[in-house]
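Residue numbers (the working numbering): 18 to 430.
Encoded structure:
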């Protein structure tokens, strides 16, 4: 039997209670339930089994306990000719349950908004709140909500978003239980223009240019692009790509009328943000002069130059490279800032590569140069001084180090 006359468990738990005697003369050992019914089944959610402790005992087994199982259970038997009985009271409690509490909830900027923690249990839990790991104290900023378990956040700002936690505690003279529920809280707010966003761009006739407009908003904003009071839609010369808090207008310039002011509008139910981006006519950069100055096992060293314009200087070079026979559409590319060391690393040894280069200024890219061809050196297994990042050079260095180590070891023999 339980060591106490009361046994406290939670709904859904499973356990068993043993009833036995050390006497050699025991008969009619039996369990009865809260309504006086005899429990004799050897199968079922509540059943009896042969005693696990002593041969003359009987165990009462509970599987997946429910609230209706509460009550007084008694074990009786004839022991040494005398009727004996022991009993215990079974208390069944309901565990803390956060039911349908949403794990993502929203506050509204400049308003008072309520966060919900829908909690149930028996005994009924008490609730406290934490935000970003700190316990919330009720006052001007936080007040109790429409129920004892909800929280009102007053005068909501963007800083009120983040990780919240609803902490539920069950306390009684028989049990104590704690459970936490984490909430991701976001603040609904009007679109906020990116202060460092694009204000000016350049292109040239037949050139391509991306105008980028960013605005953070919750819920996400819908973007609209306009020029001269007309809404821009996808066409042969314009493509709009929206991605979260950003919209990109891709233009192919075929007419002087495409230069000028472009208005980007970001809008949700709470407000609107607008930005004007000026597309100015620039100069197409000249095609660069390009050659491969040196080839190593895993690297190609390049020389890149282009005529400089004082108004629109060369900013970078874009180099595509591929093995012979591969289409340019599948060729990787490397972007070098003007003045960098122009080296392509991690190439295969003894491989013929085809390369081409384009220059970039503020208005876009030049035409590609003529193709250049160069074969990388064959890896002979000897150490080399190249700064390449590649598997073959690494193996050679390891081999060289290994030989030096053997020589050093031999010197001590």
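Note that beta-carbon positions come from the ideal geometry of N, C-alpha and C, so glycine has one too. A quick note: this is a predicted structure, and the numbers were derived from the prediction, not measured.
Per the C-alpha coordinates, the member of 310, 239, 287 and 32 positioned closest to residue 207 is 287. DSSP, reduced to helix, strand and coil, places residue 193 within a strand of the structure shown. Contact check for residue 226 against residue 381 passes: the beta carbons are separated by less than 8 Å. Secondary structure note for residue 328: it is in no beta strand (DSSP E), with a DSSP letter that is neither H nor E. A straight-line Cα-Cα distance of about 40 Å links residue 91 and residue 166. About 40 Å separates the Cβ atoms of residue 124 and residue 26, ruling out a contact at the 8 Å cut-off. Straight through space, the alpha carbons of residue 274 and residue 253 are spaced by roughly 15 Å. Between residue 113 and residue 187 a beta carbon distance of about 6 Å is seen, short of the 8 Å cut, so the two are scored as contacting. A direct Cα-to-Cα measurement between residue 197 and residue 184 gives close to 5 Å. For residue 346, the three-state secondary structure derived from DSSP is helix.
Where residue 243 is concerned, the enclosing beta strand (DSSP E) starts and stops at 239 to 244. For residue 173, no beta strand (DSSP E) encloses it, and the DSSP letter there is neither H nor E.
Residue 126 is a Cβ neighbour of residue 174, given a cutoff of 8 Å.
Residue 120 sits exposed, since fewer than 16 C-beta atoms from the chains shown fall within 10 Å of its C-beta.
In the DSSP secondary-structure assignment, residue 59 is not bridged to any residue.
Counting only runs of 3+ residues, the beta strand (DSSP E) found wholly inside the stretch 18 to 47 occupies 23 to 27 and 32 to 36, in chain order.
One alpha carbon belongs to residue 309, the other to residue 229, and they sit about 35 Å apart. Rounded to the nearest whole angstrom, the C-alpha separation of residue 348 and residue 377 is 19 Å.
Going by beta carbons, residue 34 and residue 76 fall inside the 8 Å limit. Around the beta carbon of residue 258, fewer than 16 other beta carbons lie within 10 angstroms, which makes this residue exposed. Spatial neighbours of residue 237 in its own chain (CB-CB distance under 8 Å, excluding positions within 5 residues in sequence) are listed in chain order as 261, 262 and 285.
Beta-bridge partners assigned by DSSP to residue 106: 23 and 89. Residue 234 is a Cβ neighbour of residue 283, given a cutoff of 8 Å. Of all C-beta pairs linking the stretch 347 to 365 to the stretch 238 to 248, fewer than three are shorter than 8 Å, placing the two stretches out of contact. By the C-beta density criterion, residue 57 is exposed, having fewer than 16 other C-beta atoms within 10 angstroms.
Considering only 45, 335 and 137, the residue with the shortest C-alpha distance to residue 111 is 137.
Taking the CA atoms as reference points, residue 215 sits about 29 Å from residue 177.
The stretch 273 to 340 is shown to contain no whole alpha helix (DSSP H) run of 4 or more residues.
With contacts defined by Cβ atoms closer than 8 Å, residue 317 and residue 370 form a contacting pair. Non-local beta-carbon contacts of residue 325 in its own chain, meaning distances under 8 Å to residues more than five positions away in sequence, involve 331 in chain order. Selection 361, 117, 84 and 329 evaluated against residue 335 yields 361 as nearest (Cα-Cα). Excluding residues up to 5 positions away in sequence, 58 and 78 lie with their Cβ nearer than 6 Å to the Cβ of residue 64 in the same chain.
In the displayed model, residue 149 falls within coil according to three-state DSSP, outside both helix and strand. For residue 373, the secondary structure class from DSSP, reduced to helix, strand or coil, is strand.
Taking the CA atoms as reference points, residue 88 sits about 5 Å from residue 106.
Taking residue 239 as reference, the option from 103, 209, 142 and 43 with the minimal CA-CA separation is 209.
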